[in-house]
DNA sequence: ATAAAGATACCGTCTGGACGGTTTGTCAAG
DNA sequence: CTTGACAAACCGTCCAGACGGTATCTTTAT
């Protein structure tokens, strides 16, 4: 019997907390740091409590993935509404989404985690599905080689941030973004 | 007492065999499939034998990383010798290196492994170092935003292959490569 | 030339710990 | 009084690495 037993129960809050902690741990300790024990403990919940919300580890990772995709989708949808030009509209929104993920304060939490997600076949399949769906939906406006290239470059930039391999300063970053946008228009 | 104990000893051959097996396992079973037990057994060597060549698992992964980087360096060096134009020379060679990694027959073996490498902080640092060294060495010829962009896009393509997220056919691929090369020239 | 003396290349077993998951119990709210 | 939200103890498995040995190769002294 511990704190969580006495505090007013807010399961949704706890669930969110678990996801946040998992994201933070993945950043601080790498993918291997995300264990059920570590996550539950850092969230101030017992392992049983964690497994009450997420029946197994895969479900936890799925939840994390949902969060990530959800944010991305929101950004993209908002951006697409503000873009009057049809051609390359999705690609530009995608750029914004990827850039936004990096600029966010809590973006760090996602970074190393994402690698973990990608090494999990099931999550790779989900990502593959996401990409296939968009490619299909926007085949009329965003299938030019310029658009494809722009999106690939954005992925490359995202990867570079993930690995901190190139360190690219803000001006260069903006210049590149402009370059990519122009690619999406041709 | 097994075969390896009686056969003529060729430690270098065994060492190489261990690396190959580790690469293959990483492809067939994912990163999690690369355990000391699995690798040693599949290589026809005892676990003790494996640990004789590589004192711990990290050393094994380091060896794998060395192989990968070594191949990349070879391709790049060869390509740079055949490129008369100084500006963007390294970038074009890098493109060749990345494309070559994907076209090779045994490339598959590296793919999933690479993800594992990247999720290991120590290996990420090594990769970071590699990038920093090249950026430094070729700052005079390959630091334009076009070159940077081309390299990032190559990384994105590499990532897409890794995840099989986009499936890009060979003509499109060649078209993109040409596009990237022209980016490296401007 | 050769035998002794190491050094190197392995083998096979064991262990300690981590980790995912299960089970059973407890408390509070409706 | 039932159900959802947890706690706490526990289990089975897997895995990295240690260890003590044995076989083969290399060097050195004679």
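Chains as they are written, first to last, in this note's numbering: chain A, 1 to 186; chain B, 1001 to 1186. Glycine is no exception: its CB is placed at the ideal position from the N, C-alpha and C atoms. Given the structure is predicted, the values throughout are model-derived calculations rather than measurements.
Compute the beta-carbon to beta-carbon distance between residue i and residue j, rounded to the nearest angstrom, for a pair I have assumed lies under 8 Å.
{"i": "residue 1181/B", "j": "residue 1089/B", "result": "Not quite, the Cβ-Cβ distance comes to about 11 Å (not below 8 Å), so this is no contact."}
{"i": "residue 1022/B", "j": "residue 1068/B", "result": "The pair is not a contact, with the Cβ atoms about 12 Å apart (cut-off 8 Å)."}
{"i": "residue 1119/B", "j": "residue 127/A", "result": "Rounded, the Cβ-Cβ distance is 16 Å, inconsistent with contact."}
{"i": "residue 34/A", "j": "residue 26/A", "result": "5 Å"}
{"i": "residue 1080/B", "j": "residue 1122/B", "result": "With 8 Å as the limit, residue 1080/B and residue 1122/B do not qualify as a contact, their Cβ atoms being about 29 Å apart."}
Tell me which same chain residues have a C-beta within less than 7 Å of the C-beta of residue i, skipping the five on either side of it?
{"i": "residue 153/A", "result": "180"}
{"i": "residue 1169/B", "result": "none"}
{"i": "residue 134/A", "result": "90"}
{"i": "residue 146/A", "result": "183, 184, 186"}
{"i": "residue 63/A", "result": "19, 54"}
{"i": "residue 1104/B", "result": "none"}
{"i": "residue 1124/B", "result": "1118"}
{"i": "residue 1065/B", "result": "1117, 1123, 1126"}
What residues in its chain sit with their C-beta under 6 Å from that of residue i, if we drop five residues either side in the sequence?
{"i": "residue 30/A", "result": "112"}
{"i": "residue 151/A", "result": "91, 94"}
{"i": "residue 97/A", "result": "72, 75, 76"}
{"i": "residue 1158/B", "result": "1098"}
{"i": "residue 102/A", "result": "161"}
{"i": "residue 131/A", "result": "none"}
{"i": "residue 1100/B", "result": "1075"}
Tell me the residue span of the alpha helix (DSSP H) that contains residue i.
{"i": "residue 187/A", "result": "Because chain A in this structure spans residues 1 to 186, residue 187/A falls outside the shown range and cannot be described."}
{"i": "residue 175/A", "result": "170-185"}
{"i": "residue 145/A", "result": "145-163"}
Under 8 Å Cβ to Cβ from residue i, same chain only, skipping five residues before and after it: list those, please.
{"i": "residue 83/A", "result": "89, 92, 93"}
{"i": "residue 1149/B", "result": "1183"}
{"i": "residue 114/A", "result": "68, 162"}
{"i": "residue 1001/B", "result": "At residue 1001/B, the pLDDT of 43 sits below 50, so the modelled position is not reliable and the matter cannot be decided from this model."}
{"i": "residue 143/A", "result": "135"}
Consider the C-beta atom of residue i and the heavy atoms of the ligand NAP; say whether any pair is separated by less than 7 Å.
{"i": "residue 182/A", "result": "As far as ligands go, the structure on display features none, and thus does not contain the ligand NAP."}
> Okay, do the region 1138-1146 of chain B and the region 108-126 of chain A touch, 3+ Cβ pairs below 8 Å being the bar?
Replying inline: no
> Where are the alpha helix (DSSP H) runs, 4 residues long or more, that stay fully inside the region 1002-1088 of chain B, in chain order?
Replying inline: 1003-1006, 1011-1029, 1036-1042, 1047-1053, 1057-1081
>> Can you confirm whether the region 1033-1044 of chain B touches the region 1069-1084 of chain B when touching is taken to mean that 3 or more C-beta pairs between the two stretches lie within less than 8 Å?
In response: no
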